[in-house]
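Protein chains: 2
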Amino acid sequence: MTTPLRLGIAGLGTVGTGVVKIVRQKANLLAERAGRPVVITAVSARSRDKDRGVNIKDYAWEDDPVALAQRDDVDVFVELMGGSDGPAKAATKAAIAAGKDVVTANKALLAHHGQALAEAAEAAGKVIRFEAAVAGGIPVIKALTEGLAGNEITRVMGVMNGTCNYILTRMQSAGLPYAEVFEEANQLGYLEADPTLDVGGIDAGHKLSLLAAIAFGTQVDFDAVELEGIERITIDDIHQAADMGYRIKLLGVAQQTGRGLEQRMSPCLVPDTSPLGQLEGGTNMCVLEGDAVEQIVLRGPGAGEGPTASAVMGDVMDIARGFRLPTFGQPATSLAKAKSAHSVTPAPYYLRMALEDKPGALAKIATVLGESGVSIDRMRQYQHDGDTAPVLIVTHKVTRADLNQALEAMATLDVMRDPPVALRIETV
Amino acid sequence: MTTPLRLGIAGLGTVGTGVVKIVRQKANLLAERAGRPVVITAVSARSRDKDRGVNIKDYAWEDDPVALAQRDDVDVFVELMGGSDGPAKAATKAAIAAGKDVVTANKALLAHHGQALAEAAEAAGKVIRFEAAVAGGIPVIKALTEGLAGNEITRVMGVMNGTCNYILTRMQSAGLPYAEVFEEANQLGYLEADPTLDVGGIDAGHKLSLLAAIAFGTQVDFDAVELEGIERITIDDIHQAADMGYRIKLLGVAQQTGRGLEQRMSPCLVPDTSPLGQLEGGTNMCVLEGDAVEQIVLRGPGAGEGPTASAVMGDVMDIARGFRLPTFGQPATSLAKAKSAHSVTPAPYYLRMALEDKPGALAKIATVLGESGVSIDRMRQYQHDGDTAPVLIVTHKVTRADLNQALEAMATLDVMRDPPVALRIETV
């Protein structure tokens, strides 16, 4: 087949510009690999005249991404605008209705509307690909959907928000408090306009919900992701975890349990010698576990012009080569509605609390834990900070439900300042 | 499409048995994911009656793999016999001639005959897939050929022989000499019948030559791989490397240089904090570098029933889904014959030598190095071992050609016992 594959690109920010560069600069390489030319015919963005360092004058211009999505000279609508609703959603729907394939980097869109969009696309015989939406340049969707297609997936884990990992590793390496590193990250432009998307775990949660759907053949269910951000992690937590041989990571975990599908995105302790523990800075990592393959670990840049454009182009090249797969690896109509289970898999937990410096304070805590069936593996009391005693407890394995019961009981004790911080210690 | 995809499996050792188990136990999952059933119709192996823990009575039996490859009820010939020539080659050729697609785990076959087989397959409109031939369960061929298809690949590295990595890490962790750990590995059944395939770097070299062909769009050229085994690595090398913050790995590196394609499989020093440096035991790792994606690291089991069968099934599922790609990612006839360059990329080197304990011995070495243009970054002389002084030198960056000249000159010195061991320090 030598008919060119014609792209219409909506959104010319960092990623869109990166895609334009690759298509312009590597025309021969792409044609050789795909067996046909890959070209851009039309683009759309907020500003036509902004200097992006690439020439877009050769391409037709559309102010409206919906109009771009409907153009006759576009085969693949490449959606790089972002946002779960608004123009991205409207244009993606329009593209499918107009019989276009779709490549998108938009995790929010798919986390919220993935099932409906996939059903629409498949009814129209069109594909939606979204490698760039999860873990930047790492071809994790492909690994999971295709490379591991012979596996029953047992667990998927990931550090998939580079900003959070930057903040946590920078706190550790520089010994700086959360607020200061947060501000640093802000100055460096690492944070989304609404930083809660990053530090609240929402962005990473979107990604996890997409991986879970693919891994377990279930409908995307972002609302079922237990979300916890990194805002309450202190430099003391980081030091104390390190003392015990752990690192704190904003870790996503999805696994099938006897009681349903568990999806968690929360700060966890992982062994400092594990690949996850050793992940520094903005790098992302996905851990895929299957009954046949055991464990595969993928590591790479989670963001940036080149890596994200690389992922977009991987999808484009698949389409150019005629690889057509349902959005989530199997027909959308065959995806089960998962029963969601909230942290039913037991794990040891790290608990950090501040107790009033009164006789018997520690005993009260230990008693409440014991009464709730939570047994203590290790306990440390640190030097008083004024009239408060920082106390650290590592529990034996416990379910989150049992732990929550203990935490509630502890909150009623008069010796307890602030609610305790509880972080799961994940077996990786 | 609901026509079943029919497999004929030649070779029922560990991997073949693993594939049979997956196809039998996951019929529904595979059908859902592929959109059609995947079935086995016929098998072939050395012994029909051996107890393999799976029931093969449902399948037609062929004593001769060539006959299996030619059966009318086989769509995909799955070659899991091994060996670069003999029955594996004959049956693969027969399969292509009979219009079958081929899935193989046979690195030796493709390293030696990949170009001819690929040309034959493509002329017949058939595909050859070989994910299981490189790095076991890691979907690295797929990542490189498809996921990174928008990249100009700049370098590919890999630790791809689990046995060598087991030996090297076991030497380090247990403080045991090479010979002893080699024997251990032998007892554990980790070594090939001809152990040179493992410890001589040949098996890993086969894999590197396949990765290089895909990465750089060149014809497989195993003969151009500079091969060096791990047989001369001593426990002292391992300790001394560790002292300086390095680990020794049997590392494959392929990169395009201004003077041609460099392919090396040799023991190298890598930083102990890098993902490669931290790789323990039989686990494999591939590092893929591209101009857009920067660096992707893939880690996973390099061998074993489940992981290798997982890779085979990834290929089978691609074929079931109708994904058809030339063997090396672009048409075999378009693959360039690479000009091969031997270690032209300069690097620092670790040199270990034994000098006679005579006045001026060290000065002679330093002089020869200086005269050959090799400058010294660090030098250590260790406590005498009888009348021999172990000396360790780390050079500044030097090409292997310049270093070899220095090594030759050093070999003529009367103070030099045995030829020096020279290990490259690779930037990862």
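Those protein sequences? They're chains A and B, same order as listed. All residue numbers for the first sequence refer to this note's numbering, where the first residue is 94 and numbers rise by one. All residue numbers for the second sequence refer to this note's numbering, where the first residue is 94 and numbers rise by one. Don't be surprised by glycine CBs; every beta carbon is placed ideally from N, CA and C.
Within chain A, the residues that residue i reaches when beta carbons sit closer than 7 Å
i	result
Asn244/B	Ser403
Ser427/B	Glu125
Inter-residue CB distance, residue i and residue j (contact presumed, cutoff 8 Å)
i	j	result
Glu501/A	Asp411/B	About 51 Å; that fails the 8 Å criterion.
Leu369/A	Leu344/A	7 Å
Gly422/A	Ser403/B	With a Cβ gap of about 15 Å, Gly422/A and Ser403/B do not count as contacting.
Ala434/B	Glu355/B	5 Å
Thr401/A	Ala201/A	No, Thr401/A and Ala201/A are not in contact; Cβ-Cβ is about 15 Å, not under 8 Å.
Ala482/A	Ala454/A	7 Å
Glu215/A	Ala425/A	5 Å
Glu172/A	Ala181/A	6 Å
Pro513/A	Met446/A	4 Å
Val167/B	Ala135/B	6 Å
Tyr271/A	Thr327/A	6 Å
Val467/A	Asp495/A	6 Å
Phe170/B	Ala183/B	Between Ala183/B and Phe170/B the Cβ distance is about 12 Å, and since that is not below 8 Å, they are no contact.
Closest Cα partner of residue i within the set the options
i	options	result
Ile149/B	Gly370/B, Asn254/B, Ser137/B, Glu519/B	Ser137/B
Leu241/A	Val233/B, Leu241/B, Thr247/B, Gly192/B	Val233/B
Gly310/A	Ser140/A, Lys432/A, Asp168/A	Lys432/A
Val386/B	Val196/A, Ala225/A, Val171/A, Leu202/A	Ala225/A
Tyr152/A	Leu100/A, Leu381/A, Leu122/A	Leu100/A
Thr95/B	Ala124/B, Asp287/B, Arg417/B	Ala124/B
Leu372/B	Tyr339/B, Gln348/B, Arg352/B	Tyr339/B
Val252/A	Asp296/A, Ala278/A, Gln265/A	Asp296/A
Val437/A	Asp178/A, Leu98/A, Asn497/A	Asn497/A
Gln312/B	Asp178/B, Lys490/B, Pro419/B, Gly128/B	Pro419/B
Gly322/B	Ala347/B, Gln348/B, Leu290/B, Leu304/B	Leu290/B
Thr110/A	Lys186/A, Arg392/A, Ile133/A, Asp495/A	Ile133/A
Tyr475/B	Ile469/B, Leu485/B, Glu319/B, Val467/B	Leu485/B
Tyr442/B	Glu519/B, Gly395/B, Ser140/B, Asp511/B	Glu519/B
Interface partners of residue i on chain A, CB under 8 Å
i	result
Met410/B	Glu239, Ala242, Gly243
Pro368/B	Pro368, Gln371, Arg392
Lys119/B	Gly243, Glu245
Residue-chain proximity (residue i, chain A), Cβ-Cβ < 7 Å
i	result
Glu519/B	no
Met250/B	no
Arg392/B	yes
Ile323/B	no
Phe315/B	no
Within-7 Å CB hit, residue i to chain B
i	result
Ser468/A	no
Ala236/A	yes
Glu387/A	yes
Met406/A	yes
Arg126/A	yes
Gln423/A	yes
Pro483/A	no
Gly338/A	no
Pro130/A	no
Chain-ordered chain A contacts of residue i [CB-CB under 9 Å]
i	result
Phe416/B	Glu239, Asp411, Arg414, Gly415, Phe416, Arg417, Leu418
Gln399/B	One point to set straight first is that residue 399/B is Gly, not Gln, in the sequence displayed. Ordered by position in chain A, the residues that pass the 9 Å Cβ test against Gly399/B are Asn244, Gly383, Asp384, Ala385, Val386, Glu387.
Under 7 Å from the C-beta of residue i: neighbouring residues of chain B
i	result
Leu122/A	Glu245
Ile231/A	Ile389
Ile115/A	Gly243, Ala385
Problem - Ranges of the alpha helix (DSSP H) found wholly within the stretch 451 to 517 of chain B, counting only runs of at least 4 - result: 454 to 464, 493 to 504
Problem - Uninterrupted alpha helix (DSSP H) stretches inside the stretch 193 to 236 of chain A (no shorter than 4 residues) - result: 200 to 216
Practice task
Return the chain-ordered ranges of every beta strand (DSSP E) run that is complete within the stretch 126 to 183 of chain B and spans a minimum of 3 residues.
Solution key: 131 to 137, 153 to 155, 169 to 172
Handout entry: beta strand (DSSP E) segments (min. 3 residues) lying fully within the stretch 268 to 293 of chain B
Key = none
Practice task
Can you check the stretch 383 to 433 of chain B for any alpha helix (DSSP H) of at least 4 residues that lies completely inside it and give the ranges in chain order?
Solution key: 398 to 413
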